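J.: Protein chains in written order, with our numbering: chain C, 17 to 415; chain S, 17 to 415.
Yeah, the Cβ is synthetic: ideal placement off N, Cα and C, and Gly gets one too.
None of the values given here were measured: they were computed from a predicted structure.
I have a structure here, written as structure tokens, and I will follow up with some questions on it.
There are 2 protein chains.
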Amino acid sequence: MKRPAGVITHPMGFSASGVACGIKTGKEAPDVALLAADQPVTAAAVFTTNKVCAAPVLVSREHMKTSRGRIRAVVANSGNANACTGKQGMTDARSTAELIGVKPHEVLVASTGLIGRPLPMDKMDAGIRRAVEKLSSDYRGGAGFLRGIMTTDRFPKESERSIQVAGKEFRLSGVVKGAAMIAPDMATMLSFVTTDAALGRAQLQKLLAGAVGRSFNRITVDGHMSTNDTCVALASGRSGVTVTPGGRLEKKFAAALEDVLLELALLIVRDGEGAVRTAELRVSGARSAADAELAARAVAGSTLVRTALFGGDPNWGRIVSMAGACGCAFTEAKTSLKINGLPIYRNGRPLPVTKEIEKTMTADHVVFDLSLGVGRASSVVYTCDLGHSYVKLNAEYTT
Amino acid sequence: MKRPAGVITHPMGFSASGVACGIKTGKEAPDVALLAADQPVTAAAVFTTNKVCAAPVLVSREHMKTSRGRIRAVVANSGNANACTGKQGMTDARSTAELIGVKPHEVLVASTGLIGRPLPMDKMDAGIRRAVEKLSSDYRGGAGFLRGIMTTDRFPKESERSIQVAGKEFRLSGVVKGAAMIAPDMATMLSFVTTDAALGRAQLQKLLAGAVGRSFNRITVDGHMSTNDTCVALASGRSGVTVTPGGRLEKKFAAALEDVLLELALLIVRDGEGAVRTAELRVSGARSAADAELAARAVAGSTLVRTALFGGDPNWGRIVSMAGACGCAFTEAKTSLKINGLPIYRNGRPLPVTKEIEKTMTADHVVFDLSLGVGRASSVVYTCDLGHSYVKLNAEYTT
Chain C
17 MKRPAGVITH PMGFSASGVA CGIKTGKEAP DVALLAADQP VTAAAVFTTN
67 KVCAAPVLVS REHMKTSRGR IRAVVANSGN ANACTGKQGM TDARSTAELI
117 GVKPHEVLVA STGLIGRPLP MDKMDAGIRR AVEKLSSDYR GGAGFLRGIM
167 TTDRFPKESE RSIQVAGKEF RLSGVVKGAA MIAPDMATML SFVTTDAALG
217 RAQLQKLLAG AVGRSFNRIT VDGHMSTNDT CVALASGRSG VTVTPGGRLE
267 KKFAAALEDV LLELALLIVR DGEGAVRTAE LRVSGARSAA DAELAARAVA
317 GSTLVRTALF GGDPNWGRIV SMAGACGCAF TEAKTSLKIN GLPIYRNGRP
367 LPVTKEIEKT MTADHVVFDL SLGVGRASSV VYTCDLGHSY VKLNAEYTT
Chain S
17 MKRPAGVITH PMGFSASGVA CGIKTGKEAP DVALLAADQP VTAAAVFTTN
67 KVCAAPVLVS REHMKTSRGR IRAVVANSGN ANACTGKQGM TDARSTAELI
117 GVKPHEVLVA STGLIGRPLP MDKMDAGIRR AVEKLSSDYR GGAGFLRGIM
167 TTDRFPKESE RSIQVAGKEF RLSGVVKGAA MIAPDMATML SFVTTDAALG
217 RAQLQKLLAG AVGRSFNRIT VDGHMSTNDT CVALASGRSG VTVTPGGRLE
267 KKFAAALEDV LLELALLIVR DGEGAVRTAE LRVSGARSAA DAELAARAVA
317 GSTLVRTALF GGDPNWGRIV SMAGACGCAF TEAKTSLKIN GLPIYRNGRP
367 LPVTKEIEKT MTADHVVFDL SLGVGRASSV VYTCDLGHSY VKLNAEYTT
């Protein structure tokens, strides 16, 4: 597997580590990951909205409140999700935060892996002690951290930007693990972002929520939301650059944050469930934003569309008929579809399927432009194909 | 393939036929099917609600109005869906009705097969002439009819009931074709029901709509609605039994109709997309009927749940987490799940996965009882597994 670059410690003020403590049985891969700030920093977080919610999510939500968004460390483990574990799970998640050696409510926790099994606290204890010792702000720390949160990922997923402002510079880095709810049991999206720009708590929360909405919330592999999904952003301010709310620099920061998260989101889709290609479902001309969203999600979520994508089949009928069935305002005679820019369906009528269209369907990334012609709203959703590897990954595992 | 019994002509007053006229190129399978009543009979019909709607559906809707639900014949073809065919498609669907030799508005038309291609009217012309000649009220007519509407079906699907009433008897027969939107392009559910009981038009329409809601609308293979779905019921009254509205006999009739349609619906699921097993998703204890419906459809439609079903994996986590994410009122600690009657998750906590549970997951039919514990509403949805055959069927076809 490709080595992580370890971008998470590139912004100033952060150190990280990843150690193997045996939670992933039979594997020597790192399974405890620690990200620490030199001092309490501004934090923002977005969590799963699944009503089945893992203990670490509940505890992190609590700590975000009690610390008023001033966080010293994030500790994550892979191999055990600490989900569906009842009161013991809550106790274990709290104990995990206590093991870091700073005020527990300044620690966020995240877990991913098997559900319904108690977190092995003896292993966590030993693992976290070593993780604290190994904290480093160079690439080894950052790379270890990323390896420590990965589960079934086929490659590390990281992205960074550096922004120049009047002779100064700040950095923004992000990492993610996840290939949607992949075996075993359920997997999770965990994402961590660091920056050395200075931002306020409410400001960072708003920017993070907006960027998540335009990135992680725009992808679908199987429409299945995990119980552990977590995205945390930490801002150390150590670059000396302050992002003033409402200013031009905030726009730049927001754009960079969205870029980073979208890049990470697309890496998830590319890795998703043994995918051979990705697709971008652009809907335009919808009656309302809700309609655009509805159509894009319905088409991108269709198993018939995704198996056609796997087969490289320019099956416009499946796309158009799903749009017609999903409940959005729809007029057959106003609907058009392009595949990678090539028209295949115009104003309700199919066009000839050319060799060029057949060829473009086998590209790594296929863009479908579905124009509904009944309004001005638009949306985009990213997905990947559904092929034999998906079935293999998701069926041939026994609970 | 198993031979059809030809039940559609068992009720008195009907004849049928099926002939091969070459619409399915390279195949000698029947592709034109004709069902005729000796005289105009009471008709009811339910059509696709997809906004991409095939010409035969538009024409049949029109004819149901102009004939005031008094119908002489239904003509169906397989191999060509006459969908996305514009004005020519409408002309062709109308001409098809005219070819039968009775008043055209007393004829309903239905098509299934490839979309976006004009109906070969010369072949249809010759086919329908022969179909009229071959009309027969014995099993050959009924069997020919069923074979004439089948496309990718792996077996014929038919069901019948006979009901005794005070020394008299009437019959109710139904057939269906379809395995959801299977290749090529898009397929369709076409269902035809005959009875020799006497019913009024509005009465039959109401009973049919109700029964479709509790049968065909309760199954999902890939959540993809065809542009051609049609269910037609014809009542000849020839048994001499009149089903009085609101009476006890109407309840009997309604139950029999629902039985027949549910049996047909389950045969579709069993045939669906190369399925190896079927599943019944029962949701109880929901806050509202809409919530029960939402949860049952979300879980039954989940590709993760359906691949686990293929793998025979008792993956309660995927079921519970999908219910938690779908938006219904949900409290983890009140949620329980049984698989074929065996408890695997109770009040938010997983129970041990016994050998018995592992074994029952490989049964032909798996019943999931998901109890939400927050109300009294319930719902049920039927589905099938998603395995390699599904991918093969839906990916390895080129438009």
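Three-state secondary structure (DSSP) at Val383/S?
T.: For Val383/S, the three-state secondary structure derived from DSSP is strand.
J.: Using the beta-carbon of each residue, which ones in chain C are nearer than 9 Å to Arg365/S?
T.: Cys100, Thr101, Gly102, Gly132
J.: Is the distance from the Cβ of Ala97/C to the Cβ of Met80/C below 8 Å?
T.: no
J.: Beta-carbon within less than 8 Å of Ala349/S's beta-carbon, same chain only, minus the 5 sequence neighbours each way: which residues are those?
T.: The residues are Asn363, Gly364.
J.: Figure out for me which residue from Ala53/C, Val68/C, Ser318/C, Glu309/C has the closest Cα to the Cα of Gly340/S.
T.: Looking from the CA of Gly340/S, the closest CA among Ala53/C, Val68/C, Ser318/C, Glu309/C belongs to Val68/C.
J.: Spell out the partners DSSP gives Ser300/C in its beta bridges.
T.: Ser387/C
J.: Let me check you understand the geometry: is the CB of Lys18/S closer than 7 Å to at least one non-hydrogen atom of the ligand NAD?
T.: Summarising the ligand content, the structure contains no ligands, and the ligand NAD is consequently not present.
J.: When the Cα atoms are used, what is the spatial distance from Val109/C to Thr399/S?
T.: Checking the displayed sequence, the identity of residue 109/C turns out to be Ala instead of Val. Note on geometry: alpha-carbon atoms of Ala109/C and Thr399/S lie some 38 Å from one another.
J.: Let me make sure I understand the geometry here. Which of Gly343/S, Ala225/S, Leu282/S has the alpha-carbon closest to that of Thr64/S?
T.: Ala225/S
J.: Is the segment 370-389 of chain S in contact with the segment 296-311 of chain S, if contact means three or more CB pairs nearer than 8 Å?
T.: yes
J.: Counting pairs of beta carbons, one from the segment 295-305 of chain C and one from the segment 267-279 of chain C, are three or more of them closer than 8 Å?
T.: no
J.: At the 8 Å Cβ level, is Ser337/C part of the contact set with chain S, yes or no?
T.: Judged by the 8 Å Cβ criterion, Ser337/C is in contact with chain S.
J.: Would Ala213/S pass as a contact of Phe171/S if the rule is Cβ separation under 8 Å?
T.: no
J.: Of all the residues that make up the segment 322-335 of chain C, which are near chain S by a beta-carbon distance shorter than 7 Å?
T.: Taking 7 Å as the Cβ-Cβ cut-off against chain S, the residues of the segment 322-335 of chain C that qualify are Thr323, Ala324, Phe326, Gly327, Asp329, Pro330, Asn331, Gly333, Arg334.
J.: Ends of the beta strand (DSSP E) at Ile179/C?
T.: 173-181
J.: Taking the alpha carbon of Gly256/S as the point to measure from, which residue in Leu51/S, Asp245/S, Ile179/S has its own alpha carbon closest?
T.: Ile179/S
J.: In the segment 381-411 of chain S, which residues sit with their C-beta less than 9 Å from some C-beta in chain C, listed in chain order?
T.: Asp401, Leu402, Gly403, His404, Tyr406, Val407, Lys408, Leu409, Asn410, Ala411
J.: Short check: CB of Leu206/C to CB of Ala126/C, under 8 Å?
T.: Yes, the pair counts as a contact, with Cβ atoms nearer than the cut-off.
J.: Taking Cβ positions only, does Glu348/C come closer than 8 Å to chain S?
T.: Interface flag for Glu348/C against chain S is set, since a Cβ pair is found closer than 8 Å.
J.: Compare the C-beta of Met417/S with all C-beta atoms of chain C and state if any pair is closer than 8 Å.
T.: A question about residue 417/S goes unanswered here, because the residues of chain S that appear run from 17 up to 415.
J.: Indicate the three-state DSSP secondary structure (helix, strand or coil) for Glu185/S in the structure shown.
T.: DSSP places Glu185/S in strand when its eight states are reduced to three.
J.: In this structure, how does DSSP classify Ala92/S when only helix, strand and coil are distinguished?
T.: Assigned with DSSP and collapsed to three states, Ala92/S falls in strand.
J.: Measuring alpha carbon to alpha carbon, tell me which residue in Met17/C, Gly29/C, Ala21/C is nearest Ala251/C.
T.: Closest option to Ala251/C, Cα to Cα, is Gly29/C.
J.: Using only the alpha-carbon positions, how far apart do Arg84/S and Arg298/C sit?
T.: 43 Å
J.: Suppose contacts are defined by Cβ-Cβ distances below 8 Å. Is Ser189/C in contact with Val209/C by that definition?
T.: yes
J.: Could you check what DSSP says for Ser318/S in three-state terms: helix, strand or coil?
T.: coil
J.: Could you tell me the alpha carbon to alpha carbon distance between Asn356/C and Val292/C, rounded to whole angstroms?
T.: Roughly 17 Å between the two C-alpha positions.
J.: Which residues of chain S have a Cβ atom closer than 7 Å to the Cβ of Val68/C, listed in chain order?
T.: Val336, Ser337, Gly340, Glu348
J.: If the cut is a Cβ gap below 8 Å, which residues of chain S does Thr107/C touch?
T.: The premise fails here: Thr107/C is roughly 15 Å from chain S at the closest Cβ pair, so nothing lies under 8 Å.
J.: Which residues in the same chain as Met106/C place their Cβ atom closer than 8 Å to its Cβ, once the five residues preceding and following it in sequence are excluded?
T.: Ala71, Leu74, Val75
J.: Taking the alpha helix (DSSP H) that Gly216/S falls in, what are its first and last residues?
T.: For Gly216/S, there is no enclosing alpha helix (DSSP H), as DSSP marks it with neither H nor E.
J.: Answer yes or no: does any C-beta atom of chain S fall closer than 8 Å to that of Leu320/C?
T.: yes
J.: So is Ala147/C buried or exposed if we call it buried at 16+ other beta carbons inside 10 Å?
T.: The residue is buried, with at least 16 neighbouring Cβ atoms inside 10 Å.
J.: How long is the line joining the alpha carbons of Ala21/S and Lys103/S, rounded to whole angstroms?
T.: Rounded to whole angstroms, Ala21/S to Lys103/S spans 38 Å at the Cα level.
J.: In the DSSP assignment, the alpha helix (DSSP H) including Pro359/C goes from what residue to what residue?
T.: Per DSSP, Pro359/C lies in no alpha helix (DSSP H) segment; the continuous beta strand (DSSP E) that holds it begins and ends at 358-362.
J.: Using a Cβ-Cβ cut-off of 6 Å (strictly less than) and excluding sequence neighbours within five positions of Gly132/C, which residues of its own chain qualify?
T.: Cys100
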